[in-house]
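Notes follow once the structure below has been shown.
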Amino acid sequence: MTAVVDTRPLRHWLHSANSPHLVICCGEHPDPATWSRAVCTAVCTGGPGDAGDAGVSGSGQAVVQLSTCLGALTPAVLLELVAGGASGVTVALDGCANPVDTEAVVNRAGTFVSALGRPQHINVAKVLPTERKHGAAWPILGETAVPVSRRTLFGRPDGLDLAEPSEHPTQRLAAVLRELVGGDRSGTELDHVPTGIPRLLATRCAGSGVCARTCPGDALIVTRIVLAEASSDQDAIAQFHLAFDPARCTGCGQCLEICPESALEQSGEHVWSSLMAQERVDLRAGLTRRCARCGVGHGRSGDLCAVCAFRAANPFGSTMPPGAPHGVDRGRQPGR
Ligand code: SF4
């Protein structure tokens, strides 16, 4: 599991700094000190040999060495640094073993900055700039080891109250976008930026809850209220409710694949203004009963869910039921 970058220490430092431009180095960068002497001035176009952009508009520069690799960077991390007061962020890719993924993250963060009309640049530098700083080198900070202000040193709060970052990537991104958009604005200027978060429909949902158990982000929430018990618990009839929290969704699509009834469908994508509004979406409510064989909820007539009904009808069958999850390795079926 990739470590999550917590920008709060850096943001406390930025709060009392004078809008520096930050150069982010990998935790395994052999010599961040080379960047502490470099002055980023050229605008990076991403082409080979570019010296990297700083667009330095604040007071100088600082080098930040992560405690992990650049693969831990997300658009939210970079935007949090901008929201914290950095005049720009350059991610140093010199020597990086996998620059393509990091560049995609940086480009995505840059898309938000330009859509919001912010003056900051977020970009990459593939090689060390040739221009060198005269005099003292720029400071080199650790991701969590930053100099404390005199105010903090004497135990006084610096006026920043930063919430712990969400462990859900979309939720964290929505939170920093709310901060950058500011005030009561809805953020509709971001609606043309793709979210990758599906707008789900569940018109055929029978409340089995398989999607909710599969969802890695706990974005699907099933609640059940048992209304009546028949001869045994297996026959219990319940009122179910399926809700979707798009800000917790990562867009992995597993829920769409896994439903044994193929009850979930995608109808386009959510837009950023709805993700930033933190609206939970009611997908479906109805009656469900427990499968007499496996115990999952289902909305069919009869005692068995779709999978168990298929198995009962095909006791010696070797094919998967219709709507079974994809990903079955058919190449391993006997005789193939
Ligand atoms: S797309 Fe993935 S993260 Fe989103 S609701 Fe479905 S399973 Fe959960």
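The opening position of the sequence shown corresponds to residue 15 in the numbering used here, with each subsequent residue numbered one higher. We treat Cβ as the ideally placed atom computed from N, Cα and C, and that holds for glycine. As the structure is a prediction and not an experimental result, all values here were calculated from the model.
| Item | Value |
| --- | --- |
| Is Pro-260 closer than 8 Å to Val-295 when the C-beta atoms are compared? | yes |
| Rank Thr-217, Ala-90, Phe-258, Thr-202 by C-alpha distance to the C-alpha of Cys-229 and give the top, closest one. | Phe-258 |
| Measure how close the beta-carbons of Ala-139 and Arg-51 come, nearest whole angstrom, since I'm counting them as under 8 Å. | The Cβ separation is near 14 Å, so there is no contact. |
| In whole angstroms, give me the CA-to-CA distance for Gln-134 and Gly-282. | 31 Å |
| Report all residues from its chain with a CB closer than 8 Å to the CB of Leu-155; omit the five preceding and five following residues, and keep chain order. | Leu-24, Trp-27, Ala-76, Val-77, Val-78, Gln-79, Pro-161 |
| By how many angstroms is the C-alpha of Ala-17 removed from the C-alpha of Pro-34? | 25 Å |
| Mark Glu-293 as exposed unless 16 or more other C-beta atoms lie within 10 angstroms of its C-beta, in which case mark it buried. | exposed |
| If you run the structure through DSSP and keep just helix, strand and coil, what is Leu-93? | helix |
| Does the contact criterion of 3 or more C-beta pairs under 8 Å hold for the segment 314-325 versus the segment 264-277? | yes |
| Once you ignore the five residues that flank Cys-269 on each side, which residues in its own chain have a CB closer than 7 Å to its CB? | Cys-225, Thr-228, Cys-229, Leu-234, Leu-278 |
| Would you say the beta carbon of Cys-40 is closer than 7 Å to some non-hydrogen atom of the ligand SF4? | no |
| Roughly how many angstroms lie between the CA atoms of Thr-48 and Ala-188, to the nearest whole one? | 35 Å |
| Starting from the N-terminal end, write out each residue whose C-beta falls within a distance shorter than 6 Å of any non-hydrogen atom of the ligand SF4. | Pro-212, Thr-228, Cys-229, Pro-230, Gly-231, Ala-233, Leu-234, Cys-263, Thr-264, Gly-265, Cys-266, Gly-267, Gln-268, Cys-269 |
| Have a look at Leu-176 and Leu-191 and give me their C-alpha separation to the nearest angstrom. | 15 Å |
| Skipping 5 residues on each side, what residues in its chain have a beta carbon closer than 7 Å to that of Leu-256? | Ala-216, Cys-219, Gly-221, Leu-234, Val-236, Leu-297, Arg-298 |
| Would you report the Cα separation of Ala-252 and Cys-263, rounded to the nearest angstrom? | 26 Å |
| Straight-line CA distance for Thr-21 to Gly-223? | 36 Å |
| When burial is assigned at 16 or more other CB atoms within 10 Å of the CB, is Ala-31 buried or exposed? | buried |
| May I ask you to list the residues that DSSP assigns as paired with Gly-102? | His-35, His-135 |
| On the DSSP bridge list, what partners appear for Gly-257? | Checking the displayed sequence, the identity of residue 257 turns out to be Ala instead of Gly. Ile-235, Asp-296. |
| Just confirm the distance between the C-beta atoms of Glu-145 and Val-53, as a whole number of angstroms; I'd bet it's less than 8 Å. | 4 Å |
| Taking the DSSP output, what are the residues bridged to His-312? | Arg-303 |
| Among Ser-200, Gly-313, Val-240, whose alpha-carbon lies nearest the alpha-carbon of Trp-286? | Ser-200 |
| Suppose you measure from the CA of Thr-116 to the CA of Gly-98; what does that come to, to the nearest Å? | 21 Å |
| Would Leu-130 and Val-105 qualify as a contact pair, given that the criterion is a beta-carbon distance under 8 Å? | no |
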